[in-house]
Amino acid sequence: MTRPFREQVDEQILDRAAELFSQHGFAQTSLKALAEAVGLSKAGLLHHYPSKEAIHEAALEMGRAQARLVFDDVARLPSGPGRDRRALELLTDVALERPGLVSLAFRPITAPGDHPVMLDGEDMLIHEIFVLDPEEQGTERLIRVVGALSALAVLTLTANREGDKTTWRPRIIATCFDALGHAGADASSYGSDLLED
Numbered sequence: 001m002t003r004p005f006r007e008q009v010d011e012q013i014l015d016r017a018a019e020l021f022s023q024h025g026f027a028q029t030s031l032k033a034l035a036e037a038v039g040l041s042k043a044g045l046l047h048h049y050p051s052k053e054a055i056h057e058a059a060l061e062m063g064r065a066q067a068r069l070v071f072d073d074v075a076r077l078p079s080g081p082g083r084d085r086r087a088l089e090l091l092t093d094v095a096l097e098r099p100g101l102v103s104l105a106f107r108p109i110t111a112p113g114d115h116p117v118m119l120d121g122e123d124m125l126i127h128e129i130f131v132l133d134p135e136e137q138g139t140e141r142l143i144r145v146v147g148a149l150s151a152l153a154v155l156t157l158t159a160n161r162e163g164d165k166t167t168w169r170p171r172i173i174a175t176c177f178d179a180l181g182h183a184g185a186d187a188s189s190y191g192s193d194l195l196e197d
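Once you know that position 194 of the sequence shown is 194 in the UniProt record's numbering, the rest is easy, because the numbers rise by one and skip nothing.
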């Protein structure tokens, strides 16, 4: 198996596993259910990952890696609407391609106390991506970022369910951009470059 193909298979396994973990919780998700969801035998799944814990950690790390790629892309931009728009474009693209990761990232919110490891703001680099001061809780900017990311999650999951990611993408970005307080700002770059791994 070539490396790019193996990586693609692993990403598909992890995204599907992330979706199951988000739906049923870590403790209630069995290796058998994970294997069935990705079309492998239990032994085949264990060939890729040695344990359920390893699958879970790999899914969380895949989310962190995607966040780092987004941060690396926007870090060169000054804070403001341009950086916010680019971050939303990239995060939307990740969320549209990996709905399981989105579901898993929101599990601590939808089922608090039922998740052994949380993807907090530090893990996801959200403070850095959106130039937030982690010490300033409850600010308008923080509330707007949380609102925009919540809308992004719900809308990308819906777009995936509807099977129409292309039509939904620019509308998701525009909605989230508005939520950040940039209503009426230039929306000409909503179709710009995708995030490259």
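For glycine and all other residues, C-beta sits at the position ideal for the given N, C-alpha and C.
All values reported here derive from a predicted model rather than from experimental measurement.
Limits of the alpha helix (DSSP H) - the one that residue i falls within
i, result
"T139", "No alpha helix (DSSP H) holds T139; DSSP gives it neither H nor E."
"A59", "52-74"
"G100", "99-105"
"I170", "The sequence given here places Pro at residue 170; Ile does not occur at that position. 165-179 is the extent of the alpha helix (DSSP H) around P170."
"L45", "42-48"
"H127", "126-129"
"L31", "31-37"
Residues near residue i by beta carbon distance below 6 Å, same chain, minus five either side
i, result
"V38", "I13, R16"
"H182", "P81"
"T29", "L20, F21"
"K165", "L96, A159"
"R83", "V74, L77"
Cβ pair residue i, residue j closer than 8 Å
i, j, result
"A67", "L132", "no"
"A95", "V70", "no"
"I172", "L149", "no"
"H56", "F21", "yes"
"A153", "V74", "no"
"L40", "L31", "no"
"R144", "A179", "yes"
"A151", "C176", "yes"
"D10", "H47", "no"
"K52", "L77", "no"
Same chain, Cβ closer than 7 Å to residue i, five either side skipped, listed in chain order
i, result
"K42", "L31, K32, A35"
"R169", "T92, L96"
"A58", "L14, Y49"
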